[in-house]
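Colleague: According to this note's numbering, the stretch in the sequence shown is residues 63 to 420, in order.
Can you keep this structure in mind? I'll have questions shortly.
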Amino acid sequence: MDTNVIAQVPPETIEWLCAEENPAVATLTRREFLGLADDAATTALWERRNEYAPVATILERMSPDGSWATPGKDYQKYGGSLWQVHFLGELYASGDDERVQQAAAYAFSRQLADGSWSCNGRSSAAIPCLTANVGRALARLGFSRDERIIAALRYCVGLFDTFGCLTCGSVDPSVKAWGARTDTLNGYCHMLAPKLLLFLDEVPRKLWPDGAETLRDECVRVLREKQITRCLPEEARAFGEVFWSTPTGQRAGVRERFLAEHGDLHFKDKPGWLRFGFPLSYNSDALEALLALARVGEPRLPEYERAISVVREQADAAWRWKLRNTLNGKMLADIERKGEPSRWVTLRALELLRHFGG
């Protein structure tokens, strides 16, 4: 952990991060970045985090049953009920609020028997990125030791155990194979790795189900192997044209034949991963991926150097990072402004630089 990073941040930026208009960022800056013990003022500020305008707006628009839409639209971008739970978790909403507890109860009511969450309530549409996002949010909102959260993590572990890679798909052999393992040239879902690591971080390690350590190591491996961002095969467009033009019933083996014909793949940066945003959805970026690695205790390695440099280079002279990617206009409440310095992005960048060294 590099405490020298703290000394490099201008006092004006620390003051900006500690502004009370965003109680969560202000408190986390003091606790997590500066390493200060809570005093009465900090404790009081933390208790006010549901007054933060985006949190307040989301909660004001909630129905009495804890939902924001009909069950069939739980996953509708980005106004569905499960998305609101995810956003509340990302914004560090207070789980002591009865409205948040009602939202959590609704989310748990939509959880399937195997621990997963589904795009449409059916098991055939259960996906690990949604399960990791909702599970992480609920854990942060006060349910980290709840057996239902452990069940969600167990579902994610089970998918990896079944398929041997990070992917969507059904463990039911009667369901047609689908997901990254069959439908993408990589053969796994790169953007799932940070989501799973962040979910793991929110659950006490002693409660991790069997296989969770192996899942953690696989997430770390794929991020390290691809140097965080170099995960897009140059051949992806050509593969997509072949795969999606093949009749559905004839797609089995298309990926394997393509690889046999084209030899080694050539990887390049995934462009969106170089534009940092908050909050993120099912996709990720280099900043979040590095943050996920930091939170599960990964040391600085040569494979991470380029991504760390990308993060550092995007800071301005005042050590502030702009919001370059946003879901504003699609969510129930906008969060900061695109193109302007972001407290959320800045805090996340400083946290990972403090861990890895700036």
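Even for Gly, the Cβ is constructed at its ideal location relative to N, Cα and C.
In this text, all values refer to a predicted model and were calculated from it rather than measured experimentally.
Let me know if His148 comes out buried or exposed under the rule of 16 or more other beta-carbons within 10 Å of its beta-carbon.
Modeller: Your numbering for residue 148 matches position 86 in the sequence shown. Buried, because 16 or more other Cβ atoms sit within 10 Å of the Cβ of His148.
Colleague: Please name the residue, chosen from Arg410, Pro341, Thr308, Arg368, that lies closest to Trp55 on a Cα-to-Cα basis.
Modeller: What is shown of the chain runs 63 to 420, which leaves residue 55 out entirely.
Colleague: Take every Cβ of the region 156-176, pair it with every Cβ of the region 184-202, and state whether three or more of those distances are shorter than 8 Å.
Modeller: Touching, yes, given that three or more Cβ pairs across the two stretches are closer than 8 Å.
Colleague: Once the 5 residues before and after Pro256 are set aside, which same chain residues still bring their CB inside 6 Å of it?
Modeller: One-based indexing of the sequence shown puts residue 256 at position 194. Closer than 6 Å at Cβ, skipping near neighbours: Ser346, Glu350, Ala351, Ala354.
Colleague: Please check the pair Arg278 and Leu262, which I expect to be a contact at CB under 8 Å, by giving their CB distance rounded to whole angstroms.
Modeller: As a working note, residue 278 is residue 216 in the sequence shown. As a working note, residue 262 is residue 200 in the sequence shown. Indeed they touch by this definition, with Cβ atoms about 6 Å apart.
Colleague: For Thr310 and Ala99, I'd like the C-alpha separation in whole angstroms.
Modeller: Start at 1 with the first residue of the sequence shown, and residue 310 comes out as number 248. Start at 1 with the first residue of the sequence shown, and residue 99 comes out as number 37. Their Cα atoms are separated by approximately 58 Å.
Colleague: Assuming contact is defined by CB atoms lying nearer than 9 Å, are Arg216 and Gly177 in contact in what I supplied?
Modeller: Translated into the one-based positions of the sequence shown, residue 216 becomes position 154. Translated into the one-based positions of the sequence shown, residue 177 becomes position 115. Result yes, Cβ atoms of Arg216 and Gly177 sit closer than 9 Å.
Colleague: Quick check on Phe329: does DSSP put it in helix, strand or coil?
Modeller: Residue mapping note: residue 329 aligns to position 267 of the sequence shown, counting from 1. Three-state result, Phe329: strand.
Colleague: Would you tell me roughly how many angstroms separate the C-alpha atoms of Val372 and Gly249, rounded to the nearest one?
Modeller: Taking the first residue of the sequence shown as position 1, residue 372 is located at position 310. Taking the first residue of the sequence shown as position 1, residue 249 is located at position 187. Approximately 26 Å, taken between the alpha carbons.
Colleague: Can you tell me the Cα-Cα spacing of Phe320 and Ile120, whole angstroms?
Modeller: Position 258 of the sequence shown, counted from the start, is the residue given in the question as residue 320. Position 58 of the sequence shown, counted from the start, is the residue given in the question as residue 120. Computed Cα separation, rounded: 46 Å.
Colleague: May I ask you to report which of helix, strand or coil DSSP gives Lys288?
Modeller: The residue you call residue 288 lines up with position 226 of the sequence shown. Lys288: coil per DSSP, three-state reduction.
Colleague: So what does DSSP say about Lys165, is it helix, strand or coil?
Modeller: For this step, residue 165 is matched to residue 103 along the sequence shown. Just to set this straight, residue 165 is Ala in the shown sequence, not Lys. In this structure, Ala165 counts as helix in the three-state DSSP scheme.
Colleague: I need the boundaries of the alpha helix (DSSP H) containing Asp223, first residue and last residue.
Modeller: Stepping through the sequence shown from its first residue, residue 223 is reached at position 161. Element bounds for Asp223: 209-225.
Colleague: Could you tell me which whole alpha helix (DSSP H) segments of length 4 or greater appear in the region 239-284?
Modeller: Counting whole runs of 4 or more residues, the region 239-284 contains the alpha helix (DSSP H) stretches 242-245, 254-264.
Colleague: With DSSP collapsed to three states, give me the class of Pro85.
Modeller: Along the sequence shown, one-based indexing puts residue 85 at 23. Helix at Pro85.
Colleague: Exposed or buried, what is Asp234 when buried is set at 16 or more other beta-carbons lying within 10 Å of its beta-carbon?
Modeller: Here residue 234 is taken as the residue at index 172 of the sequence shown, counted from 1. Flag for Asp234 reads exposed.
Colleague: Thinking just about the alpha-carbon of each residue, which of Asp127, Ser156, Asn182, Thr89 is nearest to the one in Gly134?
Modeller: To locate residue 134, count along the sequence shown from 1; it is residue 72. Taking only the C-alpha atoms, the option nearest Gly134 is Asn182.
Colleague: Which of the three DSSP states is assigned to Ala187 in this structure?
Modeller: Along the sequence shown, read from residue 1 onward, the residue named residue 187 stands at position 125. Three-state result, Ala187: helix.
Colleague: Looking at Ile397: is its Cβ nearer than 9 Å to the Cβ of Trp383?
Modeller: If you number the sequence shown from 1, residue 397 lands on position 335. If you number the sequence shown from 1, residue 383 lands on position 321. No, these two residues do not count as a Cβ contact at 9 Å.
Colleague: Rounded to whole angstroms, how far is the Cβ of Ala356 from the Cβ of Glu413, which I believe are closer than 8 Å?
Modeller: For the purposes of this step, residue 356 is identified with residue 294 of the sequence shown, where counting begins at 1. For the purposes of this step, residue 413 is identified with residue 351 of the sequence shown, where counting begins at 1. That belief holds up - the Cβ atoms of Ala356 and Glu413 are roughly 7 Å apart, short of 8 Å.
Colleague: Between the region 206-220 and the region 148-159, do three or more beta carbon pairs fall short of 8 Å?
Modeller: Verdict: no, contact absent.
Colleague: Leu415 bridges to which residues according to DSSP?
Modeller: Mapped onto the sequence shown, residue 415 falls at position 353. Answer is none; Leu415 lacks a bridge partner.
Colleague: According to DSSP, is Asn195 helix, strand or coil?
Modeller: Your numbering for residue 195 matches position 133 in the sequence shown. Correct three-state label for Asn195: helix.
Colleague: Going along the chain, which residues of its own chain have a beta-carbon closer than 7 Å to the beta-carbon of Ser404, five neighbours each way excluded?
Modeller: One-based indexing of the sequence shown puts residue 404 at position 342. Cβ neighbours of Ser404 beyond the five flanking positions: Phe340, Trp383, Lys384, Leu385, Glu398.
Colleague: Identify the residues that DSSP records as bridge partners of Ser404: which are they?
Modeller: What you label residue 404 is simply residue 342 of the sequence shown in a count that begins at 1. BP columns for Ser404 are empty, so no partner.
Colleague: Determine the direct distance from the alpha carbon of Ala103 to that of Leu150, and round the result to whole angstroms.
Modeller: As a position in the sequence shown, residue 150 is number 88, starting the count at 1. As a position in the sequence shown, residue 103 is number 41, starting the count at 1. Computed Cα separation, rounded: 23 Å.
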